[in-house]
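Reviewing the structure listed below.
Residue numbers (the working numbering): 1277 to 1476.
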């Protein structure tokens, strides 16, 4: 087994455990109704650290083989088809306006990253006699693009958390994100299993 395959298997095992811990955090959030702000802030910090751990492991995998990140085998087909979806309510008008301005900024950054990805794809479309040489040429730009996308995701989460006015709002944000993540995973796994069963 190659070092990359070994690390991929390690990552998949990590990811399954990470999802279990994510479910535990959701249960903790749901029990935080009347807790003090300090207790809620501590939970927000732990959840944020949990997400960072996932992205750090994913970055390590990308450093081993960035192409594994492009088609992640640990996600089901529904998860692969979705992009980050998020939102929050009960913000002041000023905060809503700031969030809208930030959303426009993020859209611009996403367009820039998509243009960079399209340029990389165009370079692949050019004829080449040596597929390995093409893959080697793509590795560095794909790694850089992946890191920029990761940084953009982290910046977005940090910005949203900064704009939310209380630890309770932050926990509601995380609860929504976690519920979405876990439900998409469950529904996607069910659909993939049904699709596979119908082929058999």
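C-beta atoms are modelled at their ideal positions from N, C-alpha and C, and glycine is treated no differently.
CB-CB under 6 angstroms to residue i, same chain, minus the five flanking residues each way: which ones, in chain order?
i            : result
residue 1474 : none
residue 1320 : 1443 and 1446
residue 1417 : 1396
To the nearest angstrom, how far is the alpha carbon of residue i from that of residue j?
i            : j            : result
residue 1287 : residue 1334 : 8 angstroms
residue 1376 : residue 1394 : 27 angstroms
residue 1291 : residue 1422 : 19 angstroms
residue 1465 : residue 1457 : 12 angstroms
residue 1419 : residue 1472 : 33 angstroms
residue 1399 : residue 1302 : 43 angstroms
residue 1308 : residue 1323 : 14 angstroms
residue 1415 : residue 1370 : 43 angstroms
Skipping 5 residues on each side, what residues in its chain have a beta carbon closer than 8 angstroms to that of residue i?
i            : result
residue 1477 : Residue coverage of the chain in this structure runs from 1277 to 1476, which leaves residue 1477 outside it and unanswerable.
residue 1374 : 1439
residue 1329 : 1294
residue 1279 : 1340
Tell me whether residue i sits in a helix, a strand or coil according to DSSP, three-state version.
i            : result
residue 1326 : helix
residue 1427 : helix
residue 1292 : helix
residue 1348 : coil
residue 1443 : helix
residue 1476 : coil
residue 1312 : coil
residue 1335 : helix
residue 1468 : helix
residue 1341 : coil
residue 1307 : coil
residue 1278 : coil
Are the Cβ atoms of residue i and residue j separated by less than 8 angstroms?
i            : j            : result
residue 1284 : residue 1351 : no
residue 1454 : residue 1298 : yes
residue 1349 : residue 1382 : no
Of all the options the options, which has the alpha carbon lying nearest to the alpha carbon of residue i?
i            : options                   : result
residue 1304 : 1457, 1448, 1348 and 1412 : 1448
residue 1436 : 1450, 1399, 1426 and 1425 : 1450
residue 1282 : 1344, 1463 and 1325       : 1344
residue 1412 : 1340, 1296 and 1295       : 1340
residue 1452 : 1463, 1279, 1296 and 1306 : 1306
residue 1300 : 1414, 1463 and 1326       : 1326
residue 1389 : 1318, 1424, 1296 and 1463 : 1424
Using a Cβ-Cβ cutoff of less than 7 angstroms, which residues in the same chain neighbour residue i once the five nearest sequence positions on both sides are dropped?
i            : result
residue 1426 : 1331 and 1335
residue 1391 : none
residue 1311 : none
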